[in-house]
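The structure under discussion appears below in the form of structure tokens.
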Amino acid sequence: MTNLLKTPLFDAHVALGGKMVPFAGFEMPVQYKSGALKEYTFVREGGAGLFDITHMGQVRVTGSGALAFLQFVTTNDVSKLAEGQVHYSALLNDSGTFIDDITTYKISDTEYYLCINAANRHKDVAHLQAQAEHFDVCVVDESDDTTLLALQGTAAQAALQPLVDADLESIGYYKFAQVQVNGTAGIVSRTGYTGEDGFEIYIPNSMASEVWSQLLENGAEPIGLAARDMLRTEMGYALYGHEISDAVTPVEARLMWITKLDKGDFIGKQAVVDRKADGPKQRLIALKLTGRGIPREHYQVFVDGEPSGEITSGMHSPMAGGVALAYVKPEHAQTGDLSVEIRGKQVAAERTTLPFVRSNVRR
Amino acid sequence: MTIPADLKYTKEHEWVRIDGDTATFGISDHAQEALGDIVFVELPEVGRSIDAGEAYAVVESVKAVSDVYAPVGGEVIEVNEALEGEPELVNTDPYGAGWIAKVSIGDGQVELLNDDEYTTFLEE
Numbered sequence: 000m001t002n003l004l005k006t007p008l009f010d011a012h013v014a015l016g017g018k019m020v021p022f023a024g025f026e027m028p029v030q031y032k033s034g035a036l037k038e039y040t041f042v043r044e045g046g047a048g049l050f051d052i053t054h055m056g057q058v059r060v061t062g063s064g065a066l067a068f069l070q071f072v073t074t075n076d077v078s079k080l081a082e083g084q085v086h087y088s089a090l091l092n093d094s095g096t097f098i099d100d101i102t103t104y105k106i107s108d109t110e111y112y113l114c115i116n117a118a119n120r121h122k123d124v125a126h127l128q129a130q131a132e133h134f135d136v137c138v139v140d141e142s143d144d145t146t147l148l149a150l151q152g153t154a155a156q157a158a159l160q161p162l163v164d165a166d167l168e169s170i171g172y173y174k175f176a177q178v179q180v181n182g183t184a185g186i187v188s189r190t191g192y193t194g195e196d197g198f199e200i201y202i203p204n205s206m207a208s209e210v211w212s213q214l215l216e217n218g219a220e221p222i223g224l225a226a227r228d229m230l231r232t233e234m235g236y237a238l239y240g241h242e243i244s245d246a247v248t249p250v251e252a253r254l255m256w257i258t259k260l261d262k263g264d265f266i267g268k269q270a271v272v273d274r275k276a277d278g279p280k281q282r283l284i285a286l287k288l289t290g291r292g293i294p295r296e297h298y299q300v301f302v303d304g305e306p307s308g309e310i311t312s313g314m315h316s317p318m319a320g321g322v323a324l325a326y327v328k329p330e331h332a333q334t335g336d337l338s339v340e341i342r343g344k345q346v347a348a349e350r351t352t353l354p355f356v357r358s359n360v361r362r
Numbered sequence: 000m001t002i003p004a005d006l007k008y009t010k011e012h013e014w015v016r017i018d019g020d021t022a023t024f025g026i027s028d029h030a031q032e033a034l035g036d037i038v039f040v041e042l043p044e045v046g047r048s049i050d051a052g053e054a055y056a057v058v059e060s061v062k063a064v065s066d067v068y069a070p071v072g073g074e075v076i077e078v079n080e081a082l083e084g085e086p087e088l089v090n091t092d093p094y095g096a097g098w099i100a101k102v103s104i105g106d107g108q109v110e111l112l113n114d115d116e117y118t119t120f121l122e123e
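In order, the protein sequences belong to chains X and P. Residue 0 is where the first sequence starts when you use numbering that gives the first Met the number 0, and the numbers rise one by one after that. Residue 0 is where the second sequence starts when you use numbering that gives the first Met the number 0, and the numbers rise one by one after that.
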């Protein structure tokens, strides 16, 4: 086991009573003193929740071939991005399964910025650099130098505005601006993983402590990984290693909306086309328990009394009850009586639509 | 952290209050603190016979599922149904309103610690 990494905010987490746990190679706070439920509630009920997500990776792609490169290595249509716009996308391998899911930021026609998952960072960077040899681009991993904070909840904008030189009101959903954060260059996007309005803030590590402290002074509260997972699961957002992995394609994962088959060739395209034609091997569904209990990851899902698949993410939602995402056999995506096996007992469930609770993102 | 002197404790962090031939079970303040916010408790059926050391209930926190083991053997005579609606009572009042089950004491017990011994055990 290699040593766990620490973000520049490690001491700040410990000082706030953060319970530190291993996560994607880092020591990260799973919760702070008040506990996951109170943190969750603070974000859902009008606060400004502050998350250290510095474990995530950032890659800058520059050069005259940047667009052609990203069209080939990512699934979404990068030609549709305007400067200052972000979209959700994915990296696939030749078999059409996920290397990672990412967000792509367009800075200019010759410069893009990618945010990638911590656990996949080295795999992603190696893949991108290998593919870059065929294009006129430069791929630089900036992860070690970059602190990433998420500030989520209705009060996020008011807490962040005093620190930045741009009018945040002018940044729309999935838009970003290159701004000065306390006088140092950074990126602020109106994006997140919670279903609330809010921002993600990319700054140099040297600014981490100062910005973190000021946001707390402006009324933000620190939020740990446990509450973050509750918030994202309630939205039905995919998480690598759960809903998506190198075992599923966008067809199974209900991510064809970020997979643009009409944009020209890209890695994994043919496999996705074939999988679409042959039909998926399994389907991701959203379910809600009608009986008592908490559906959890890896619990078996039954349809008409027969095993059909398993839960990839599940939780007790304070607002929606026992909810889960699960893969089931394709013929069970729409029909058949659902149940979840919890400690040897079948607990009744029903299909539902996503998100499990109302999203408050600014459309 | 509180460790009341009138209770006995197990190394699995349960407590038991023995009152004549009845025992009341719960989990310790240390246990609820370590588990974090409890969001679900699966209670045993009244009338169920349980052995000392047997898993008789399940507490689920936001992130974890944990078995709760019986400090002494016996037959379940009452369960704390309030936990079905308010599982957080285990967090807020682990030795009081957060009790889990009562049994009529039968045979057997696991190693039980008094408050001083449990305090020492936690420090080790």
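Ideal Cβ positions, reconstructed from N, Cα and C, are used throughout, including at glycine. Please read all numbers here as calculations on a predicted model, not as lab measurements.
**Request:** Taking C-beta pairs closer than 9 Å, name the residues in chain X that P/GLY35 reaches, listed in chain order.
**Result:** LYS18, VAL29, GLN30, GLY34, ALA35, LEU36, ALA225
**Request:** Mind reading off the beta-carbon distance from P/ASN90 to P/ASP20? Whole number of angstroms is fine, and I expect it under 8 Å.
**Result:** No, P/ASN90 and P/ASP20 are not in contact; Cβ-Cβ is about 30 Å, not under 8 Å.
**Own chain, CB closer than 7 Å to X/PHE134, minus 5 neighbours either side, in chain order** = GLY64, ALA67, PHE68
**Request:** Ignore the nearest five residues each way along the sequence and tell me which others in X/GLY278's own chain have a CB closer than 7 Å to its CB.
**Result:** PRO329
**Request:** Could you have a look at P/TRP14 and say whether DSSP puts it in helix, strand or coil?
**Result:** strand
**Message:** By the 7 Å beta-carbon criterion, what residues does the segment 20-47 of chain P contribute toward chain X?
**Reply:** GLY35, ASP36, VAL38, PHE39
**Message:** Give me the chain X residues within the contact set of P/VAL89, using Cβ-Cβ distance strictly less than 8 Å, ordered along the chain.
**Reply:** Residues of chain X passing the Cβ test: none, with the nearest at roughly 13 Å.
**Request:** Would you mind working out which of X/GLU296, X/GLY56, X/GLY290 sits nearest X/LYS344, comparing C-alpha positions?
**Result:** X/GLY290
**Request:** List the residues that DSSP assigns as beta-bridge partners of X/PHE19.
**Result:** Position check: residue 19 of chain X holds Met in this sequence, whereas Phe was assumed. Answer is X/PRO28.
**Prompt:** For chain X, is any of its Cβ atoms less than 8 Å away from the one on P/GLU59?
**Reply:** yes
**Asked** Assuming X/GLU309 contacts X/HIS241 under a Cβ cut-off of 8 Å, what Cβ separation, rounded to an integer in Å, is found between them?
**Response** Their Cβ separation, rounded to whole angstroms, is 11 Å, which puts X/GLU309 and X/HIS241 out of contact at 8 Å.
**Request:** Measure the C-alpha to C-alpha separation of X/SER307 and P/ALA69 and round it to an integer number of angstroms.
**Result:** 35 Å
**Request:** Output the boundary residues of the alpha helix (DSSP H) element that contains X/GLN269.
**Result:** 268-277
**Asked** Starting from P/ASP66 and walking both ways along the beta strand (DSSP E), at which residues does that stretch end?
**Response** 64-68
**Message:** With H, G and I counted as helix, E and B as strand and the rest as coil, what does DSSP make of X/GLN333?
**Reply:** coil
**Prompt:** Given a limit of 9 Å on CB to CB distance, which residues of the segment 292-322 of chain X reach chain P?
**Reply:** GLY292, ILE293, ARG295, MET314, HIS315, PRO317, GLY321
**First and last residue of the uninterrupted alpha helix (DSSP H) at X/SER212** = 207-216
**Asked** Do P/PHE24 and X/GLY292 have their C-beta atoms closer together than 8 Å?
**Response** no
**Prompt:** How about P/VAL64: is its C-beta nearer than 8 Å to some C-beta of chain X?
**Reply:** yes
**Message:** Classify X/ASN2: buried if its beta carbon has 16 or more other beta carbons within 10 angstroms, exposed otherwise.
**Reply:** exposed
**Request:** With DSSP as the reference, label X/ILE170 as helix, strand or coil.
**Result:** coil
**Message:** If I follow the unbroken beta strand (DSSP E) through X/ASP228, where does it start and stop?
**Reply:** Careful: X/ASP228 lies outside any beta strand (DSSP E), inside the alpha helix (DSSP H) at 224-234.
**Nearest-angstrom beta carbon gap, X/ALA347 and X/LEU286 [assumed within contact, 8 Å]** = Actually they do not touch by this definition, with Cβ atoms about 10 Å apart.
**Asked** In chain order, what residues of the same chain lie with their CB nearer than 8 Å to the CB of X/GLY335, ignoring the 5 residues before and after it?
**Response** VAL302, ASP303, SER307
**Message:** Taking the straight line between their C-alpha atoms, what separation do you get for P/ASN113 and P/GLY95?
**Reply:** 18 Å
**Prompt:** Interface residues of chain P around X/MET234 at Cβ under 8 Å?
**Reply:** What X/MET234 touches in chain P: nothing, since even the nearest Cβ is about 17 Å away.
**Asked** Thinking C-beta only, is X/VAL178 closer than 8 Å to X/VAL163?
**Response** yes
**Item:** Selection from X/GLY24, X/TRP211, X/GLU195, X/THR193 that minimises the alpha carbon distance to X/TYR201
**Value:** X/TRP211
**Prompt:** Between the beta-carbon of X/VAL360 and the beta-carbon of X/GLY194, is there less than 8 Å?
**Reply:** yes
**P/GLU32, enclosing alpha helix (DSSP H) - first and last residue** = 28-34
**Request:** Find out if the Cβ-Cβ distance for the pair P/LEU42, P/ALA63 is shorter than 8 Å.
**Result:** no
**Message:** Just to confirm the assignment, what range does the alpha helix (DSSP H) spanning X/ALA165 have?
**Reply:** Element bounds for X/ALA165: n/a, residue is neither H nor E.
**Item:** Contacts that X/ARG274 makes with chain P (C-beta to C-beta distance below 8 Å)
**Value:** Simply none; closest approach about 34 Å.
**Item:** Span of the beta strand (DSSP E), counted from its first residue to its last, around X/THR378
**Value:** It is not possible to answer for residue 378 of chain X, since the shown part of chain X is limited to 0 through 362.
**Asked** Quick one, which residues of the segment 339-350 of chain X are near chain P if we go by CB-CB under 8 Å, in chain order?
**Response** ARG342
**Asked** So, are the CB atoms of X/ALA157 and X/GLY46 less than 8 Å apart?
**Response** no
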